[in-house]
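Note sheet for the following structure.
Residue numbers (the numbering used here): 4 to 53.
Here it is in structure tokens:
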């Protein structure tokens, strides 16, 4: 799996809307309809549909 990147301002807003803490999640893949996140400490993967 690729290394996650720090979320941008707009991505942080979408992560907060999904009920997650943007400080704990890194963006692996950002598409127009979904964003794939990986947890900074545990490595769990989560998909947010935008």
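Glycine included, every Cβ here is placed at the ideal spot set by N, Cα and C.
- Under the DSSP assignment, residue 30 falls in the beta strand (DSSP E) whose first and last residues are 28-33.
- Taking a C-beta distance under 8 Å as the contact criterion, residue 43 and residue 27 qualify as a contact pair.
- Residue 5 carries a coil assignment under DSSP once its states are collapsed to helix, strand and coil.
- If you draw a straight line from the Cα of residue 46 to the Cα of residue 20, it is about 21 Å long.
- Sequence-distant partners of residue 15 (beyond 5 residues in either direction) whose C-beta falls short of 6 Å from its own C-beta, in its chain, are 25.
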